[in-house]
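Take a look at the structure below.
There are 2 protein chains.
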Amino acid sequence: MQLTPMIQSFVLHFGEMGSRWGISRTVGQIYALLFVSPEPLNADQIREALGVSRSNVSMGLKELQGWNLVRLKHLPDDRRDYFTTPEDIWEIVRILAEERKKREIDPTLTVLRDLSMQTPTTEAERHAQARMAETARMIELLTGWYDDVKRLETDRLAQLLSLGARVQKILEMKDRLSVVPGRRRPSGLEPATETGEP
Amino acid sequence: MQLTPMIQSFVLHFGEMGSRWGISRTVGQIYALLFVSPEPLNADQIREALGVSRSNVSMGLKELQGWNLVRLKHLPDDRRDYFTTPEDIWEIVRILAEERKKREIDPTLTVLRDLSMQTPTTEAERHAQARMAETARMIELLTGWYDDVKRLETDRLAQLLSLGARVQKILEMKDRLSVVPGRRRPSGLEPATETGEP
DNA sequence: CTCGCATTTCAGAAATTTTTGAAATCCAGG
DNA sequence: CCTGGATTTCAAAAATTTCTGAAATGCGAG
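Taken in order, these protein sequences are the chains called A and B. Everything in the first sequence is counted per my numbering, starting at 1 for the first residue and increasing by one. Everything in the second sequence is counted per my numbering, starting at 1001 for the first residue and increasing by one.
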């Protein structure tokens, strides 16, 4: 398969960006190619389009499968594996967010919690620990929010996003309204969220 | 300066994670060290604490300055440069988000817009272009939201985050309320947001 | 201007990551 | 149990990134 200049540009760009993310150039290119391809591709088609070795394609696809970013398909009377990306682009975003969180955030949160539990021996450690605890709380707040919104349906999510900062107005409105039924709103940041593991 | 085991663990962990992000091990370690240090450090203190070459520290600090992630300080009667991280951890998050957007998102959005404007020559290109346009719109929605919320004060942001999915309830409430004054809400996703550059 | 300390630059060395080709493995038919 | 296409594995080569030491540069004080 011969790529048109336009598709070529796209694929090459994603290859470049791939390195700024944690993936290799080839993996980025493979994904870009599958993403814009109107139908599933097999490993040899990918190899030909990208001009890389067959084994490199195999490894790249394996990595993408590890990221849950590709779907395996089969064509009748053809025992080769064909690959696609999910149709729904929001699904891709969700997967990316989930996997990056798993790899880049969760391990750090574990370490921070762990270190925050130790008894400090020096003044420097006391300070360091305060910093770490602060970081852990921030990550918990962010990931807690993420865990909530990731459950929203796509169009609710889009609605929320397009609302943007106007949410602030709504928060204010809610403040005023919530006075009426006499219910106190839990005050957001202040109470130390001690979510240590057992 | 000799690091305690606890601080050592933290610094080493950040070094490891550094590679999963786009930074080198040393840069990650330098940042971790500055982050937990109760006061500013100079290049030689960092070199000693991390056991790396002086030039490596210099380059690492330069990179961190490029990311806007460190502040330069000066002590009286000492002409060496001392470095700290911003006190406010949310400030750090804001800077990180801003810089990563600039490096990882914006260039892609530019390419996507550019390619989406070209006239497709084949059916494959037509499909690819649709995919790219879809992606561009999604990125615009996400970054538009980000541009909005990044202006919120920290405690408003925290309030918003801790609200999480309960926002959905508020959205529903707003739906109902907005009927009263007779104003139509712009429906979020549906209208094609043609935000091409001139 | 010169000295002395501080920082930066930079070319090469070291380490790490990516890519490859060949061999091994897998597996559906026959 | 063979066969042959398809895929995977893996050790080595290639490419890239990171790190270092030495030399160059910067700069305030005298």
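All C-beta atoms in this analysis are idealised placements derived from N, C-alpha and C, irrespective of residue type, glycine included.
- Task: Please confirm whether A:Met201 and B:Ile1089 have their CB atoms less than 7 Å apart.
- Result: No answer is possible for residue 201 of chain A: the residues shown for chain A start at 1 and end at 198.
- Which chain B residues are close to A:Arg156, counting only those with a beta carbon under 8 Å from its beta carbon? Those within 8 Å of A:Arg156 in chain B are Gln1168, Leu1171.
- For A:Gln2, which residues of its own chain have a beta-carbon under 8 Å away from its beta-carbon, when the five flanking residues on both sides are left out? Same-chain partners within the cutoff: Ala49.
- Query: Any Cβ of chain A within less than 7 Å of the Cβ of B:Pro1040?
  - Reply: In terms of beta-carbon proximity, B:Pro1040 stays away from the interface with chain A, with every pair separated by 7 Å or more.
- Hey, would you say B:Ile1007 sits closer than 7 Å to A:Ala128, going by beta carbons? Yes, the pair counts as a contact, with Cβ atoms nearer than the cut-off.
- Starting from B:Arg1071 and walking both ways along the beta strand (DSSP E), at which residues does that stretch end? 1071-1073 is the span of the beta strand (DSSP E), which, as asked, contains B:Arg1071.
- Whole-angstrom C-beta distance between B:Thr1084 and B:Leu1069, which should lie under 8 Å: Actually they are not in contact, since the Cβ atoms of B:Leu1069 and B:Thr1084 sit about 10 Å apart, beyond 8 Å.
- Message: Taking the alpha-carbon of A:Val52 as reference, which of A:Leu12, A:Arg80, A:Asp77, A:Arg103 has the nearest alpha-carbon?
- Response: Of all alpha-carbon atoms in A:Leu12, A:Arg80, A:Asp77, A:Arg103, the one lying nearest the alpha-carbon of A:Val52 is that of A:Leu12.
- Item | Buried or exposed (CB count within 10 angstroms, at least 16 for buried), B:Arg1080 | It counts as exposed.
- Message: Measuring only the C-alpha atoms, how far is B:Asp1155 from A:Leu142?
- Response: For B:Asp1155 and A:Leu142, the distance between alpha carbons rounds to 13 Å.
- Query: Can a CB atom of chain B be found closer than 7 Å to the CB of A:Glu194?
  - Reply: At A:Glu194 the pLDDT is 43, less than 50, meaning the model places this residue with poor confidence; the figure from the coordinates comes in the next sentence. Not closer than 7 Å to any Cβ of chain B, the Cβ of A:Glu194 fails to qualify, so no.
- Assigned exposure category for A:Ser55 - 16 Cβ within 10 Å defines buried: By the neighbour-count rule (16 or more Cβ atoms within 10 Å), A:Ser55 is not buried but exposed.
- Item | Opening and closing residue of the alpha helix (DSSP H) in which A:Thr135 lies | Element bounds for A:Thr135: 123-149.
- Message: Can you list, in chain order, the residues of its chain with a C-beta nearer than 8 Å to that of A:Ala136? Leave out the 5 residues immediately preceding and following it.
- Response: Spatial neighbours of A:Ala136 in its own chain (CB-CB distance under 8 Å, excluding positions within 5 residues in sequence) are listed in chain order as Leu109, Leu112, Arg113, Ser116.
- Query: When you compare each of A:Ser24, A:Leu152, A:Met17 to B:Gly1164 by their alpha carbons, which one comes out closest?
  - Reply: Looking at A:Ser24, A:Leu152, A:Met17, the one whose alpha-carbon comes closest to that of B:Gly1164 is A:Leu152.
- Query: Alpha carbon to alpha carbon, what distance is there between B:Leu1041 and A:Thr26?
  - Reply: Cα to Cα, the separation comes out at about 40 Å.
- Determine the burial state of A:Glu125: buried for a count of at least 16 other Cβ atoms within 10 Å of its Cβ, exposed for fewer. With 16 or more Cβ atoms within 10 Å of its Cβ, A:Glu125 is classed as buried.
- Give every residue of the same chain whose Cβ lies closer than 6 Å to the Cβ of A:Trp145, excluding the five residues on either side of it in the sequence, and list them in chain order. Around A:Trp145: no qualifying Cβ.
- Message: Between A:Leu33 and chain B, is any beta-carbon pair separated by less than 7 Å?
- Response: A:Leu33 does not count as touching chain B.
- What did DSSP end up calling A:Leu41 once you bin it into helix, strand or coil? A:Leu41 carries a strand assignment under DSSP once its states are collapsed to helix, strand and coil.
- Query: For A:Arg47 versus A:Val57, is the C-beta spacing smaller than 7 Å?
  - Reply: Contact: yes.
- Task: Flag A:Glu87 as yes if its beta-carbon sits less than 7 Å from any beta-carbon of chain B, otherwise no.
- Result: Taking Cβ atoms only, chain B never reaches closer than 7 Å to A:Glu87, which makes this a no.
- Endpoints, beta strand (DSSP E) assigned at B:Thr1004: Secondary structure note for B:Thr1004: it is in no beta strand (DSSP E), with a DSSP letter that is neither H nor E.
- Task: Might you give, ordered along the chain, the residues of its own chain that have their beta carbon closer than 8 Å to the beta carbon of A:Ala32, omitting 5 neighbours on each side?
- Result: These residues qualify, in order along the chain: Phe10, Val11, His13, Phe14, Gly15.
- Task: Going by DSSP, name the residue or residues bridged to B:Thr1110.
- Result: Secondary-structure assignment with DSSP links B:Thr1110 through no beta bridge to anything.
- Task: Could you run through the stretch 8-38 of chain A and flag, in chain order, every residue whose CB is less than 9 Å away from some CB of chain B?
- Result: Of all residues in the stretch 8-38 of chain A, Ser9, Phe10, His13, Phe14, Glu16, Met17, Ser19, Arg20, Trp21, Gly22, Phe35, Val36, Ser37, Pro38 have a Cβ within less than 9 Å of some Cβ in chain B.
- If you draw a straight line from the alpha carbon of A:Met17 to that of A:Gly28, how long is it in whole angstroms? Answer to the nearest angstrom: the Cα atoms are 7 Å apart.
- Establish whether the CB of A:Thr4 and some CB of chain B are separated by less than 7 Å. By this cut-off, A:Thr4 is an interface position.
- Query: Mind checking if B:Arg1047 is an interface residue toward chain A, Cβ cutoff 7 Å exclusive?
  - Reply: Under the Cβ distance rule, B:Arg1047 does not count among the residues neighbouring chain A, no pair being separated by less than 7 Å.
- Task: From the DSSP output, in three-state form, read off B:Thr1084 for me.
- Result: DSSP places B:Thr1084 in strand when its eight states are reduced to three.
- Spatially closest choice to A:Glu39 from A:Thr122, A:Glu91, A:Glu98, A:Leu72, by CA coordinates: Taking only the C-alpha atoms, the option nearest A:Glu39 is A:Leu72.
- Backbone secondary structure at A:Thr193 - three-state DSSP: No answer about A:Thr193 holds up, because its pLDDT of 41 lies below 50 and its placement is not dependable.
- Assigned secondary structure, B:Glu1153 (DSSP; H/G/I helix, E/B strand, else coil): Coil.
- Compare the C-beta of B:Glu1104 against all C-beta atoms of chain A and say whether one is closer than 7 Å. Closer than 7 Å to some Cβ of chain A, the Cβ of B:Glu1104 qualifies, so yes.
- Exposed or buried, A:Leu75, counting other C-beta atoms within 10 Å across all chains shown (16 or more means buried)? With fewer than 16 Cβ atoms within 10 Å of its Cβ, A:Leu75 is classed as exposed.
- Task: Output the distance between the C-alpha atoms of B:Ser1019 and A:Gly22, rounded to the nearest integer angstrom.
- Result: Roughly 8 Å separates the two Cα atoms.
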